[in-house]
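Written out below as structure tokens is the structure these notes cover.
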Amino acid sequence: MKYIYAGYIIALAVLFLYGVTLMVRRARLEKAARTLEMENGRSVLRD
Amino acid sequence: MCSLESLLEVMATIDKAIDKRRTVMAAEPVTRPAPWSARRNRWVRAIGVAAILAIALDVYLGLWVTPPDKVQGNLVRLLYIHPALATVALYVAFALAALSSALWLWRRTRAPFFDRLAAASVETGIVFIALTIVTGSLWGRPVWGVYWTWDATLTSTALLLLLFLGYVAIRKSTADPQRRARRSAITALVAFMDVPLIQFSVLWWKTLHQKSTVLNPSLTPKIGGIMGATLALSFVAFLLLFVWMLINRYRIEVLKESLEGAEMEVAIRERVAEAGTSGHLELPADLRVPVSGG
Numbered sequence: 914m915k916y917i918y919a920g921y922i923i924a925l926a927v928l929f930l931y932g933v934t935l936m937v938r939r940a941r942l943e944k945a946a947r948t949l950e951m952e953n954g955r956s957v958l959r960d
Numbered sequence: 091m092c093s094l095e096s097l098l099e100v101m102a103t104i105d106k107a108i109d110k111r112r113t114v115m116a117a118e119p120v121t122r123p124a125p126w127s128a129r130r131n132r133w134v135r136a137i138g139v140a141a142i143l144a145i146a147l148d149v150y151l152g153l154w155v156t157p158p159d160k161v162q163g164n165l166v167r168l169l170y171i172h173p174a175l176a177t178v179a180l181y182v183a184f185a186l187a188a189l190s191s192a193l194w195l196w197r198r199t200r201a202p203f204f205d206r207l208a209a210a211s212v213e214t215g216i217v218f219i220a221l222t223i224v225t226g227s228l229w230g231r232p233v234w235g236v237y238w239t240w241d242a243t244l245t246s247t248a249l250l251l252l253l254f255l256g257y258v259a260i261r262k263s264t265a266d267p268q269r270r271a272r273r274s275a276i277t278a279l280v281a282f283m284d285v286p287l288i289q290f291s292v293l294w295w296k297t298l299h300q301k302s303t304v305l306n307p308s309l310t311p312k313i314g315g316i317m318g319a320t321l322a323l324s325f326v327a328f329l330l331l332f333v334w335m336l337i338n339r340y341r342i343e344v345l346k347e348s349l350e351g352a353e354m355e356v357a358i359r360e361r362v363a364e365a366g367t368s369g370h371l372e373l374p375a376d377l378r379v380p381v382s383g384g
């Protein structure tokens, strides 16, 4: 069973860390975009 | 020099317009940058919450509710994460990347959206396929006695991971967006050709990897009851998680490209402004062309 638990723990931990990394990266970039938006006076987004 | 003066006049006009806009914006509350509306953000958050709940239920059922298998015993419990990770990686993430890349390469549908979607899909797919290999190895150790063997399925899966890691490296190899998109798109299509090899390797060659439990050639699922239901739930759960991760990764790609462009504009404007105060534009030493006398 130790292999099973290890598999679940590793999978869930990696997915959790990746999810958190995405959220943190997005928050930082959005903050930078908002700062540039204030400096330039217009939206910087191009979607 | 005349063209430089008129350029400086244009820049001064733009600066006045920016100052005016800044005054207006200072009076407005700071809002989340468009085009992601509050409604859309709520949907994304809902998908994330649904994914977490579905995965939690899958883990609970997989580890503590479903019975052990007649043949594999408790080792069957890894079935409730490993195939779902593999399916999402191969047939959702990388397939989406290949489709987006093809749509980008075709001139009639070429749009930055497809390039960004492919990049986001590949990066998320890499996480899923890497976990597929890890969970598969952990299953293989007690069953086969080894963490790894060079059979067709495992080798082609490892090759797929390397090919898409190459995709990520190629994206970083050039700053030119068009060139980056073209090279990445071609790489994604070439790499995706490994996916049918992985799918059919269990049928074409003698491999240690077990054959499909659900999508076998006779189309008779070899699993049912609570085990079948938990397996189905695992596919839904990891698919929801992938969708949430894809959306966030896509937004990161949009933000990165937009900020690169905006920072470039600011840098150019500052350089031109510098040139205005010094009276002439000075090229860096390595770009200056020597002027011959006479």
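Residue numbers (our numbering), protein chains in the order written: chain A, 914 to 960; chain B, 91 to 384. Glycine included, each C-beta is placed from N, C-alpha and C at the ideal position. These figures come from a predicted structure and were not determined experimentally.
Helix, strand or coil at residue i according to DSSP, with G and I counted as helix
i: G215/B; result: helix
i: G932/A; result: helix
i: P119/B; result: Note on P119/B: pLDDT 47, under 50, position unreliable in the model; no value is reported.
i: L321/B; result: helix
i: D70/B; result: A question about residue 70/B goes unanswered here, because the residues of chain B that appear run from 91 up to 384.
i: G920/A; result: helix
i: G163/B; result: strand
i: D266/B; result: coil
i: R200/B; result: coil
i: V236/B; result: coil
i: W126/B; result: coil
i: V304/B; result: Only weak support exists for where V304/B lies, its pLDDT of 49 falling under 50; the coordinates are left without a value.
i: P158/B; result: coil
i: M101/B; result: helix
i: I171/B; result: coil
i: M914/A; result: coil
i: E950/A; result: helix
Nearest neighbour of residue i, chosen from the options [CA to CA]
i: R206/B; options: I145/B, F184/B, R341/B; result: R341/B
i: A926/A; options: R270/B, T225/B, W334/B; result: T225/B
i: S274/B; options: A208/B, I216/B, G230/B, W334/B; result: A208/B
i: L321/B; options: G235/B, R261/B, A176/B; result: A176/B
i: L195/B; options: K346/B, I276/B, R135/B, E355/B; result: I276/B
i: W394/B; options: R132/B, P202/B, T103/B; result: There is simply no residue 394/B to check, as chain B begins at 91 and stops at 384 in what is shown.
i: I337/B; options: V233/B, E99/B, A136/B; result: A136/B
i: R938/A; options: K346/B, L165/B, E360/B; result: K346/B
i: W178/B; options: A192/B, R197/B, A352/B, S211/B; result: Just to set this straight, residue 178/B is Val in the shown sequence, not Trp. With distances taken between Cα atoms, V178/B lies closest to S211/B.
i: V155/B; options: L349/B, L251/B, G318/B; result: G318/B
i: E213/B; options: L180/B, G230/B, V233/B, W234/B; result: L180/B
Straight-line Cα distance separating residue j from residue i
i: A278/B; j: P173/B; result: 22 angstroms
i: I171/B; j: A265/B; result: 38 angstroms
i: A140/B; j: D159/B; result: 29 angstroms
i: A940/A; j: V161/B; result: 48 angstroms
i: D241/B; j: I223/B; result: 13 angstroms
i: R167/B; j: Y257/B; result: 33 angstroms
i: F254/B; j: A201/B; result: 22 angstroms
i: V407/B; j: L323/B; result: What the structure shows of chain B is the stretch from 91 to 384, and residue 407/B is not part of that stretch, so it cannot be assessed.
i: F332/B; j: Q289/B; result: 20 angstroms
i: I216/B; j: S291/B; result: 20 angstroms
i: L942/A; j: A352/B; result: 13 angstroms
i: L221/B; j: W229/B; result: 12 angstroms
i: R129/B; j: N164/B; result: 44 angstroms
i: K944/A; j: S190/B; result: 29 angstroms
i: I145/B; j: F218/B; result: 14 angstroms
Cβ-heavy atom distance, residue i to the ligand MN, below 7 angstroms
i: F929/A; result: Summarising the ligand content, the structure contains no ligands, and the ligand MN is consequently not present.
The stretch 183 to 194 of chain B in contact with the stretch 358 to 365 of chain B per 3-pair CB rule at 8 angstroms: no
Cβ contact check for the stretch 231 to 249 of chain B and the stretch 278 to 290 of chain B: 3 or more pairs under 8 angstroms: yes
Segment contact flag, the stretch 141 to 153 of chain B with the stretch 316 to 334 of chain B, C-beta cutoff 8 angstroms, min 3 pairs: yes
Start-end ranges of the beta strand (DSSP E) lying completely within the stretch 313 to 363 of chain B, minimum 3 residues: none
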